[in-house]
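**Q** Heads up, our numbering is the position in the sequence shown plus 3, with the first residue counted as 1. The C-beta atom is built at its ideal place from N, Cα and C for all residues, glycine as well. As the structure is a computational prediction, the values presented were derived from the model and not from experiment.
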Amino acid sequence: MMTSYRRRKLAGQAVIIFVLSIMAMTGLLVIAVDGGSIYLDKRRLQNAADAGALAGGDAAENLPLQTYYTAHQVALNEIYHNLFPGTTVPTVPAGAAATYTTTAFSGTYQFVLTANVANLAQDTYTAVVNHAYTFFAAQALGFSSSTCTLAGTTTTNAICLQSRARALTATYPFALILLDDQNTQYENLQMSGSNGKLILHDGGTKGGAFSNESMTAGNGSIYFNPCGQSGDLWAVNESLGGTANIPAHTWGYQGDSLGSYPLCTIATLHTPYPKPTVHIPFPSYPEPPVTGPTYTLPLTASGGTYYLCPGTYSGTLSESSGGSTVIMYPGVYRFTAPIAMSLSGGTLKNATAFDYPPPGAAVLINCTGYSFSPVPTDLGLIIEMHPPDCTTNGFKVSGTSNLNFRPSPKYNNISFYIETAGAYPGFGCSSSIPAGTHEVNFTGQANLNIYGAFYGPGDNMFFCGNGAGYGVGQIVAWTMQICGNGTIDEHYNPAYLPYFRGLVQ
4 MMTSYRRRKL
14 AGQAVIIFVL
24 SIMAMTGLLV
34 IAVDGGSIYL
44 DKRRLQNAAD
54 AGALAGGDAA
64 ENLPLQTYYT
74 AHQVALNEIY
84 HNLFPGTTVP
94 TVPAGAAATY
104 TTTAFSGTYQ
114 FVLTANVANL
124 AQDTYTAVVN
134 HAYTFFAAQA
144 LGFSSSTCTL
154 AGTTTTNAIC
164 LQSRARALTA
174 TYPFALILLD
184 DQNTQYENLQ
194 MSGSNGKLIL
204 HDGGTKGGAF
214 SNESMTAGNG
224 SIYFNPCGQS
234 GDLWAVNESL
244 GGTANIPAHT
254 WGYQGDSLGS
264 YPLCTIATLH
274 TPYPKPTVHI
284 PFPSYPEPPV
294 TGPTYTLPLT
304 ASGGTYYLCP
314 GTYSGTLSES
324 SGGSTVIMYP
334 GVYRFTAPIA
344 MSLSGGTLKN
354 ATAFDYPPPG
364 AAVLINCTGY
374 SFSPVPTDLG
384 LIIEMHPPDC
394 TTNGFKVSGT
404 SNLNFRPSPK
414 YNNISFYIET
424 AGAYPGFGCS
434 SSIPAGTHEV
444 NFTGQANLNI
454 YGAFYGPGDN
464 MFFCGNGAGY
474 GVGQIVAWTM
484 QICGNGTIDE
494 HYNPAYLPYF
504 RGLVQ
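1) From the DSSP output, which residues share a beta bridge with Glu322?
2) Return the chain-ordered ranges of every beta strand (DSSP E) run that is complete within the segment 162-215 and spans a minimum of 3 residues.
3) How about Asn85 and Ala51: are their beta carbons less than 8 Å apart?
4) Comparing alpha-carbon positions, which option in Thr315, Tyr276, Pro291 and Ser233 lies nearest Ser263?
5) Check whether the Cβ atoms of Pro1 and Tyr310 sit closer than 8 Å, and answer yes or no.
6) Less than 8 Å separating the beta-carbons of Gly517 and Cys486?
7) State the DSSP-derived secondary structure class of Thr246, mapped to helix, strand or coil.
8) Find the nearest neighbour of Gly348 within the set Thr446, Asn119 and Ser324, judged by alpha-carbon distance.
9) As a quick exercise: from Asn496, Thr490 and Pro501, pick the residue whose alpha carbon is nearest that of Met194.
10) Considering only the alpha carbon of each residue, which of Asn463, Ala456 and Pro93 lies closest to Phe430?
11) Of all the options Tyr103, Gly258, Asp492 and Asp381, which has the alpha carbon lying nearest to the alpha carbon of Thr117?
12) Report the rounded CA-to-CA distance for Ile572 versus Thr174, giving the unit in angstroms.
13) Going by DSSP, name the residue or residues bridged to Thr127.
14) Would a C-beta distance cut-off of 8 Å place Tyr495 and Pro410 closer than the cut-off?
15) Per the DSSP calculation, Tyr316 is bridged to which residue(s)?
16) How is Leu43 classed by DSSP in three states: helix, strand or coil?
17) For Gln49, list the residues DSSP reports as bridge partners.
18) From Gly326 to Ile385, what distance separates their C-alpha atoms?
19) Under the three-state reduction of DSSP, which class applies to Ala354: helix, strand or coil?
20) Run through DSSP, which three-state label would Phe114 get?
21) Could you check if Asn424 is buried or exposed, using at least 16 other CB atoms within 10 Å of its CB as the buried criterion?
22) Using a Cβ-Cβ cut-off of 8 Å (strictly less than) and excluding sequence neighbours within five positions of Asp492, which residues of its own chain qualify?
23) Would you list the residues sitting across from Ile576 in a DSSP beta bridge?
24) DSSP three-state call for Tyr359: helix, strand or coil?
25) Is the separation between the beta-carbon of Tyr458 and that of Tyr288 shorter than 8 Å?
26) Among residues of its own chain, excluding the 5 on either side of Asp183, which ones have a beta-carbon nearer than 7 Å to its beta-carbon?
27) If you draw a straight line from the C-alpha of Pro286 to the C-alpha of Tyr414, how long is it?
28) Which residues in the same chain as Ser242 place their Cβ atom closer than 6 Å to its Cβ, once the five residues preceding and following it in sequence are excluded?
29) Count the other CB atoms, across all protein chains shown, that sit within 10 Å of the CB of Ala78; report buried if there are 16 or more and exposed otherwise.
30) How many angstroms separate the CA atom of Val329 from the CA atom of Asn65?
31) Report the option in Thr371, Gly383, Thr303 and Ser40 whose CA atom is closest to the CA atom of Ile342.
32) Nearest to Thr105 by CA position, among Pro88, Thr394, Ala58 and Tyr72, is which residue?
33) Helix, strand or coil for Asp61? Go by DSSP, reduced to three states.
34) Taking all protein chains shown into account, do 16 or more other C-beta atoms lie within 10 angstroms of the C-beta of Ala27, making it buried, or fewer, making it exposed?
35) I need the DSSP call for Leu86, collapsed to helix, strand or coil.
36) Whole angstroms is fine: what's the gap from Val366's alpha carbon to Leu300's?
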């Protein structure tokens, strides 16, 4: 029989167990409520930081370079859209520096936005989002006594949460980029012959041409189409000769609202011209690895249709017959012969959906193991070339050749990738001025419809003759010469710019 003492003892133990259980349940409640809320808030802050960094990174590559307030405004818009939908976004002052800090909701939120443009290694845009999270369950139960201080504002019963994101960005807003920075005031763009033309299309406030040193039109002409809405000319270190020459040979500069192409306003009304800007570092777009086997024989297209598959081609691709067509299936092509391509007629182009599957009697080149089913949604390709030395024109186009190519985002929207023969800045060719290779040589009346980038950062490209067609999406070269009655059409299309994007959290 249980004694009264025994009953009292057990009752006391039950009370203790009950109290301990209440404390444990209270602790679990604090963990569940505040812990879960902190986790959700941290995720919300990270989403806002990611959106702000990516948006700011895109906007930071704007003109003029190193003007930051526009990028900060775009980033702040996205942060507010993620954190406070429907709330009015404050205006970033026009004089904002590279790093801009602002707060929201009585100092309980802090945003630190940093743009790093024209960086020697990699352009970046960083968004840091801080929040003073106020405890709910812990505060109500008297468990919290911590504080959080943001920008001089202290919040009690709170903990500081932070999320950050850094966008890697390197999409420069120009149709033509000339990178030589080793020869002071060297004319990276040179034009000779009274009929030489450089026509820069589209882009709005972007587009146009950029030189890390100087540029001159010689006796040639530079046009913007449409007038006043297709970018501008920018030079880091324009020579006196270029300053005197360029305005008198340029029509339709940014802001020109008079006339329609080619009856634009001459740039003598606009000084200084080209506009001063900041140095662009030597780029490092990754070269995609080859997809496919090696084909060692020379290939001569002298009539008929040939179907090429991706891989390494160690022989020269020659095409001289106006009746020949070379169709290239999507992937990565690398040409390593000293003369990689010699084209003087015919058509070289991407495959389209209508080329799947190839005809039964088709001449297939290097297609062992290549699958023609299903038809890929991305039909873009990239052609890589390795210059054999400093002087050989390994990519020669003359006559009435037709080149029709669309790029792929998988390959950074680059259509032609001209490798360097050596390391920057000499490229193994330091004995010449300028340094660099001479791989690209276009003459004759080639019809160019190259929508991606022509990327040859260490190559001195040469364009002569009267070309036609769409032109090229973007040219990235060491220097460029336009001679004779050469006409180069450059189209600024953000959808086809080479890019190197990344997001680091």
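**A** On the basis of the coordinates in this document:
1) Ala304 and Leu346
2) 179-181, 190-194, 200-204 and 207-214
3) yes
4) Ser233
5) There is simply no residue 1 to check, as the chain begins at 4 and stops at 508 in what is shown.
6) Residue 517 lies beyond the stretch modelled for the chain, which goes from 4 to 508, so this question has no answer here.
7) helix
8) Ser324
9) Thr490
10) Asn463
11) Tyr103
12) Nothing about residue 572 can be reported from this structure: the residues present for the chain run from 4 to 508 only.
13) Asn119 and Leu171
14) no
15) Tyr298 and Phe338
16) helix
17) Its beta-bridge partners do not exist; DSSP assigns none.
18) 24 Å
19) coil
20) strand
21) According to the sequence shown, residue 424 is Ala rather than Asn. Buried, since its Cβ has 16 or more Cβ neighbours within 10 Å.
22) Ile202, His204, Leu451, Gly470, Gly472, Tyr473, Gly474 and Val475
23) Missing from the structure shown is residue 576; the chain here goes from 4 to 508 and no further.
24) coil
25) yes
26) Tyr189, Asn191, Asn215, Glu216, Pro437, Trp481 and Thr482
27) 15 Å
28) Gln188 and Ser217
29) buried
30) 39 Å
31) Thr303
32) Tyr72
33) helix
34) Confidence in Ala27 is poor, its pLDDT being 48 and thus under 50, which makes the residue's placement unreliable; the coordinate value appears in the next sentence. Counting Cβ neighbours within 10 Å, Ala27 comes out exposed, since fewer than 16 surround it.
35) helix
36) 14 Å
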